[in-house]
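Chemist: Heads up: the protein sequence lines correspond to chains U and P, in order. According to our numbering, the first sequence holds residues 241 to 459 in order. According to our numbering, the second sequence holds residues 241 to 459 in order.
2 protein chains.
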Amino acid sequence: MENIQLSVTENIFKKIKYDIVFGNLEPDQKLKLNLLQTEYNVSISILREVLNRLCGDGFIIYKVQKGFFVSPISKKDLYEIADLRITLETHALEISIKNKDYEWEAELLGAYHKLNHAENELEKNNLNAKSLWTKYDAEFHQMLIKKCNSLNLIRIHEVIFDKYLRYQLLILKYRGKESIKEHKDLLDYSLISNIQKAQNTLRDHIKKGVDYASSNLSL
Amino acid sequence: MENIQLSVTENIFKKIKYDIVFGNLEPDQKLKLNLLQTEYNVSISILREVLNRLCGDGFIIYKVQKGFFVSPISKKDLYEIADLRITLETHALEISIKNKDYEWEAELLGAYHKLNHAENELEKNNLNAKSLWTKYDAEFHQMLIKKCNSLNLIRIHEVIFDKYLRYQLLILKYRGKESIKEHKDLLDYSLISNIQKAQNTLRDHIKKGVDYASSNLSL
DNA sequence: TATAATTAAAGATTCGATTATTTTTATAAT
DNA sequence: ATTATAAAAATAATCGAATCTTTAATTATA
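The structure is reproduced here in structure tokens:
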């Protein structure tokens, strides 16, 4: 019998991080402890543990005797995040491709297949597919760098990806056909081990995404 | 009158992080809360807040219902950290050099001067200079990337640098003359804006450092 | 009216105690 | 002697209350 029991702290951590990334908690919003206490139904100590952990990742800002605040957003921050994502993800992609095996190719094809399905649904204006697309986009990009053989790199990339995702979700629009083509190219270049073209495609993919996001973001 | 009052939490955070980086708390060591309580003379709640924050940065590992542990070390981890430092620091250096101004040049020269002084003291076998060298080495490298114009990048680099430093301090030995030459080159290439050579020097500098560390590390 | 001082309310910080879980030790059964 | 079971000790997790700080509201003064 499996024991999947998570502590209260772990559950609240996931909830609050989700609420920040998905915009339920707004940028700059002050996180008053007694409000959160009733909202999430936990004690203050638990909340402070969770908020401190999120501080470490930079999703929350802490000011002594002033409390906790959801991290602010800005175009400058968005471009910084995008630049970091490009730097980390292209580097990881190169190593990943160099280390690839059949199992990885299979998993990558699988991840692509799911993403492509969600993309098609979105093209048919099935708006329910939005959250699915979000999930599969993340999984596809995680799979691309999975063989980079560096837990540290994967861990940092994950944080940066979530920060990037937060901006994407603030826009809510979907870049459509262009992005679909880029994902297909990313898959194909990875499978034939063309590192240069795979990296260039990834770089353009993120740059176009961030420009699109930026132009749709009123700040 | 300035208000430099830090909360208890902030102070303990710095102390514990210092103790991890500088090896007073050993890798894999279990951080029992009541022991830490008497050691640092604070309540459990405070400790849990601090340990959670350090989890976010990866200096501490948390296992549900098992407690907190100082992150383990390994050669693989060291090489991952070094690779990340190279990736992040060369990228930041390029942008920094492109954005440079006279003020930065002046500050960089100042930082180099202090580092060079510490290096000379070490050459004279003045072992007290060791901790000074640690400080000035960090400051010199931070100054190199200061103009990269990305708080996110600087913040992440800082965490990686501290993780790298932790390994360096485990070795305690000093690489000597070679490293001195590299620092001088790093300064000169940055000042004449030779980005390629500055990046290559930095890459070699870190690679040689990590190889030196690795070969002196019994794991 | 505008500014400064005082008080009241709200909120952050810290702590000690209670509860729940895990680990260790002791005891019993095979 | 070895494994299984039960009791005890150690430790982690959680909570609610006490303390301290900041912010807002009120009153007093120029």
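All C-beta atoms in this analysis are idealised placements derived from N, C-alpha and C, irrespective of residue type, glycine included.
So is U/GLY307 in contact with chain P if we call contact Cβ pairs under 8 angstroms?
Modeler: Residue numbering aside, residue 307 of chain U sits at position 67 when the first sequence is read from its first letter. Not one chain P Cβ lies under 8 angstroms of U/GLY307.
Chemist: Closest to P/GLN305 by CA distance: which of U/PHE299, U/THR249, U/PHE308, U/ARG288 is it?
Modeler: On the second sequence, position 65 is the one that residue 305 of chain P refers to. Checked all of U/PHE299, U/THR249, U/PHE308, U/ARG288; the closest Cα to P/GLN305 is U/THR249.
Chemist: Roughly how many whole angstroms lie between the Cα atoms of U/GLU462 and U/ASP297?
Modeler: Because chain U in this structure spans residues 241 to 459, residue 462 of chain U falls outside the shown range and cannot be described.
Chemist: Any idea which residues DSSP pairs P/LYS303 with across the strands?
Modeler: Mapped onto the second sequence, residue 303 of chain P falls at position 63. Answer by DSSP bridge pairing, in chain order: P/GLY307.
Chemist: Give a yes or no on whether the minimum CB-CB distance between U/ASP323 and chain P is below 8 angstroms.
Modeler: Numbered from 1 along the first sequence, position 83 holds the residue referred to as residue 323 of chain U. Judged by the 8 angstroms Cβ criterion, U/ASP323 is in contact with chain P.
Chemist: Do P/SER390 and U/ASP323 have their beta-carbon atoms positioned less than 8 angstroms apart in this structure?
Modeler: Your numbering for residue 323 of chain U matches position 83 in the first sequence. Your numbering for residue 390 of chain P matches position 150 in the second sequence. Closer than 8 angstroms, so yes.
Chemist: Determine the DSSP secondary structure at P/LEU271, reduced to helix, strand or coil.
Modeler: Position 31 of the second sequence holds residue 271 of chain P. Of the three classes helix, strand and coil, the one that applies to P/LEU271 here is strand, per DSSP.
Chemist: What first and last residue would you give for the alpha helix (DSSP H) that runs through P/VAL248?
Modeler: Counting from one through the second sequence, the residue named residue 248 of chain P turns up at place 8. Per DSSP, P/VAL248 belongs to the alpha helix (DSSP H) from 248-261.
Chemist: For P/LEU276, which residues of its own chain have a beta-carbon under 6 angstroms away from its beta-carbon, when the five flanking residues on both sides are left out?
Modeler: Here residue 276 of chain P refers to the residue found at position 36 of the second sequence. Cβ within range, chain order: LEU287.
Chemist: Taking the beta carbon of U/ASP377 as the centre, do at least 16 other beta carbons fall within 10 Å, making it buried, or is it exposed?
Modeler: Position 137 of the first sequence, counting from 1, holds the residue named residue 377 of chain U. Its Cβ being crowded by 16 or more others within 10 Å, U/ASP377 is buried.
Chemist: Where does the unbroken alpha helix (DSSP H) through U/GLU422 begin, and where does it stop?
Modeler: The residue labelled residue 422 of chain U in the question sits at position 182 within the first sequence. Unbroken alpha helix (DSSP H) run through U/GLU422: 417-431.
Chemist: Nearest chain U C-beta to P/ASP297 closer than 8 angstroms, yes or no?
Modeler: Reading the second sequence from its first residue, position 57 is the one you call residue 297 of chain P. Yes, contact with chain U.
Chemist: Inspect the beta-carbon positions of U/ILE252 and U/VAL282 and report whether they are closer than 8 angstroms.
Modeler: The residue labelled residue 252 of chain U in the question sits at position 12 within the first sequence. The residue labelled residue 282 of chain U in the question sits at position 42 within the first sequence. Result yes, Cβ atoms of U/ILE252 and U/VAL282 sit closer than 8 angstroms.
Chemist: How about P/LEU271: is its C-beta nearer than 8 angstroms to some C-beta of chain U?
Modeler: As a first step, residue 271 of chain P is located in the second sequence; it is residue number 31 there, counting from the start. With 8 angstroms as the cut-off, P/LEU271 does not count as an interface residue toward chain U.
Chemist: Taking 8 angstroms as the limit between beta carbons, can you name the residues of its chain near P/GLU379, skipping five residues before and five after?
Modeler: Along the second sequence, read from residue 1 onward, the residue named residue 379 of chain P stands at position 139. Once the five neighbours on either side are set aside, the close Cβ partners of P/GLU379 are ALA351, LYS354, LEU355.
Chemist: Apart from the five residues on each side of it in sequence, which residues of its chain come closer than 7 angstroms, Cβ to Cβ, to P/PRO312?
Modeler: Translated into positions along the second sequence, residue 312 of chain P becomes position 72. PRO267, ASP268, listed in sequence order.
Chemist: Does the region 404-411 of chain P come close enough to the region 439-453 of chain P that 3 or more CB-CB pairs lie under 8 angstroms?
Modeler: Judged by Cβ distances under 8 angstroms, the region 439-453 of chain P makes contact with the region 404-411 of chain P, as three or more pairs qualify.
Chemist: Given that U/GLU250 touches chain P, what residues does it touch there, using C-beta distances under 7 angstroms?
Modeler: Walking along the first sequence from the start, residue 250 of chain U turns up at place 10. Going along chain P in sequence order, the residues near U/GLU250 (Cβ under 7 angstroms) are VAL304.
Chemist: Among the residues of its own chain, which have a CB less than 7 angstroms from the CB of U/TRP373, if the five just before and after it don't count?
Modeler: The residue given as residue 373 of chain U occupies position 133 in the first sequence. Around U/TRP373: ALA358, GLU359, LEU362.
Chemist: So what does DSSP say about P/LYS340, is it helix, strand or coil?
Modeler: For the purposes of this step, residue 340 of chain P is taken as the residue at position 100 of the second sequence. It is coil, neither helix nor strand.
Chemist: In three-state terms, what does DSSP make of P/ILE364?
Modeler: Residue mapping note: residue 364 of chain P aligns to position 124 of the second sequence, counting from 1. The sequence shown places Lys at residue 364 of chain P, rather than the Ile named in the question. It is coil, neither helix nor strand.
Chemist: Taking the straight line between their C-alpha atoms, what separation do you get for U/HIS397 and U/CYS388?
Modeler: On the first sequence, position 157 is the one that residue 397 of chain U refers to. On the first sequence, position 148 is the one that residue 388 of chain U refers to. Distance between the alpha carbons of U/HIS397 and U/CYS388 is about 11 angstroms.
Chemist: Which of the three DSSP states, helix, strand or coil, is assigned to P/SER285?
Modeler: In the second sequence, counting from the first residue as 1, residue 285 of chain P sits at position 45. Three-state result, P/SER285: helix.
Chemist: Spatial neighbours of U/LEU431 within its chain, please: CB distance less than 7 angstroms, with the 5 preceding and 5 following residues excluded, ordered by chain position.
Modeler: Translated into the one-based positions of the first sequence, residue 431 of chain U becomes position 191. Answer for U/LEU431: GLU345, listed in chain order.
Chemist: Taking the C-alpha atoms as reference points, what is the distance between U/ASN456 and U/ILE411?
Modeler: Here residue 456 of chain U is taken as the residue at index 216 of the first sequence, counted from 1. Here residue 411 of chain U is taken as the residue at index 171 of the first sequence, counted from 1. So the two alpha carbons sit approximately 6 angstroms from each other.
Chemist: Flag this pair as yes or no: are the beta carbons of U/LYS272 and U/GLY307 separated by less than 8 angstroms?
Modeler: Mapped onto the first sequence, residue 272 of chain U falls at position 32. Mapped onto the first sequence, residue 307 of chain U falls at position 67. Contact: yes.
Chemist: At the level of alpha carbons, what is the spacing between U/PHE317 and P/LEU393?
Modeler: In the first sequence, the residue the question calls residue 317 of chain U occupies position 77. In the second sequence, the residue the question calls residue 393 of chain P occupies position 153. The amino acid occupying residue 317 of chain U in the given sequence is Asp; Phe does not appear at that position. Roughly 10 angstroms between the two C-alpha positions.
Chemist: Given that a residue counts as buried once 16 or more other Cβ atoms are within 10 Å of its Cβ, and exposed if not, what is U/ASN187?
Modeler: Because chain U in this structure spans residues 241 to 459, residue 187 of chain U falls outside the shown range and cannot be described.
Chemist: Who are the Cβ neighbours of P/SER433 in its own chain at under 6 angstroms, not counting the five residues just before and after it?
Modeler: Here residue 433 of chain P refers to the residue found at position 193 of the second sequence. Here the set comprises ILE337.
Chemist: Could you pull the start and end residues of the alpha helix (DSSP H) that U/GLU266 belongs to?
Modeler: Stepping through the first sequence from its first residue, residue 266 of chain U is reached at position 26. No alpha helix (DSSP H) holds U/GLU266; DSSP gives it neither H nor E.
Chemist: Within the 8 angstroms Cβ cut-off, does U/ILE256 reach chain P?
Modeler: Locating residue 256 of chain U in the first sequence gives position 16, where the first residue counts as 1. So no, U/ILE256 is outside the interface.
Chemist: Can you check whether the C-beta of P/THR441 is within less than 8 angstroms of a C-beta belonging to chain U?
Modeler: As a first step, residue 441 of chain P is located in the second sequence; it is residue number 201 there, counting from the start. Taking Cβ atoms only, chain U never reaches closer than 8 angstroms to P/THR441, which makes this a no.
Chemist: Just the C-alpha distance for U/LEU328 and P/ILE326, rounded to the nearest angstrom, thanks.
Modeler: Here residue 328 of chain U refers to the residue found at position 88 of the first sequence. Here residue 326 of chain P refers to the residue found at position 86 of the second sequence. Their Cα atoms are separated by approximately 11 angstroms.
Chemist: State the CB to CB distance for the pair U/LEU333 and U/ILE385, rounded to an integer number of angstroms; the pair is presumed to be in contact (CB under 8 angstroms).
Modeler: In the first sequence, residue 333 of chain U corresponds to position 93, counting from 1. In the first sequence, residue 385 of chain U corresponds to position 145, counting from 1. With a Cβ gap of about 6 angstroms, U/LEU333 and U/ILE385 count as contacting.
Chemist: Which of helix, strand or coil does DSSP assign to P/LEU457?
Modeler: Here residue 457 of chain P is taken as the residue at index 217 of the second sequence, counted from 1. Reduced to three states, the DSSP call for P/LEU457 is coil.
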